[in-house]
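> Next up is a structure, given as structure tokens.
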């Protein structure tokens, strides 16, 4: 199905975006594959600060995603894989979207913008680490043309996951 994707804008996260992310992601469906419960505001404060540093140093980060009315609806972007296990040293593309915005194509539109920005920054390939039951994110990886490279078990959660890859 080829549908018109919505208008979406990406920006480097601000201090205020930590509060917006905290509010937008405060839903059990959104956090199902992220530990199952909402994170504290301090988690988003640290995350937005780290993303500003990534943008300054690398030219990319997890950007705040804004809809056509400039409302914060989530994030998408890329960052170095932060874990000691898995694709250490590689660039991971990722996204998270507020529940009320699901099913409209925002993540696909924003992820495609992210891939273009990464190409411009000279990134040669990306991975997406996705929980094996997260069918919505798996569908996004497929729309982006990513291929399943391997399956894994996350060391801390013992949950099954998939590593998708895309050469840029």
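Residue numbers (our numbering): 3 to 170.
Don't be surprised by glycine CBs; every beta carbon is placed ideally from N, CA and C.
Values in this document were obtained by computation on a predicted structure and should not be read as measured data.
Anyone know if the C-beta pair for residue 96 and residue 64 falls short of 8 angstroms?
Yes. Within cutoff.
> Give the range of the beta strand (DSSP E) segment to which residue 98 is assigned.
Unbroken beta strand (DSSP E) run through residue 98: 93–99.
> Answer with buried or exposed for residue 43, where buried requires no fewer than 16 other C-beta atoms within 10 angstroms of its C-beta.
It counts as exposed.
> Just checking my contact of residue 107 with residue 5 at CB under 8 angstroms: how many whole Å lie between their CB atoms?
Going by Cβ atoms, the distance from residue 107 to residue 5 rounds to 6 angstroms, so yes, they are a contact pair.
> Could you tell me whether the Cβ atoms of residue 51 and residue 78 are closer together than 8 angstroms?
No, Cβ-Cβ distance for residue 51 and residue 78 is not below 8 angstroms.
> Per DSSP, which residues does residue 150 bridge with? Please list them.
Beta-bridge pairing links residue 150 to 166.
> Can you tell me the Cα-Cα spacing of residue 69 and residue 18, whole angstroms?
Roughly 16 angstroms between the two C-alpha positions.
> Once you ignore the five residues that flank residue 92 on each side, which residues in its own chain have a CB closer than 8 angstroms to its CB?
Here the set comprises 82, 83, 127, 128, 129.
> From this set, 122, 16, 167, 135, which residue's C-alpha is nearest residue 47's C-alpha?
The shortest Cα separation from residue 47 among 122, 16, 167, 135 belongs to 16.
> Return the first residue and the last residue of the beta strand (DSSP E) that residue 41 is part of.
Where residue 41 is concerned, there is no enclosing beta strand (DSSP E), given that its DSSP letter is neither H nor E.
> Report, in whole angstroms, the separation of the C-beta atoms of residue 32 and residue 98, which I expect to be a contact under 8 angstroms.
Yes, they are in contact, since the Cβ atoms of residue 32 and residue 98 sit about 7 angstroms apart, within 8 angstroms.
> Give me the Cα-Cα distance between residue 139 and residue 59, rounded to the nearest whole angstrom.
Going by the C-alpha atoms only, they are around 28 angstroms apart.
> Taking the C-alpha atoms as reference points, what is the distance between residue 67 and residue 30?
Residue 67 and residue 30: Cα-Cα distance of roughly 20 angstroms.
> With 16 as the cutoff for other CB atoms within 10 Å, does residue 53 come out buried or exposed?
Under this definition residue 53 is a buried residue.
> Check the C-beta distance from residue 88 over to residue 154 and give it rounded, since I have them as a contact under 8 angstroms.
With a Cβ gap of about 7 angstroms, residue 88 and residue 154 count as contacting.
> When you compare only the Cα positions, how much space is there between residue 11 and residue 162?
So the alpha carbons of these two residues sit roughly 32 angstroms apart.
> When you compare only the Cα positions, how much space is there between residue 144 and residue 164?
The straight-line gap from Cα to Cα measures roughly 12 angstroms.
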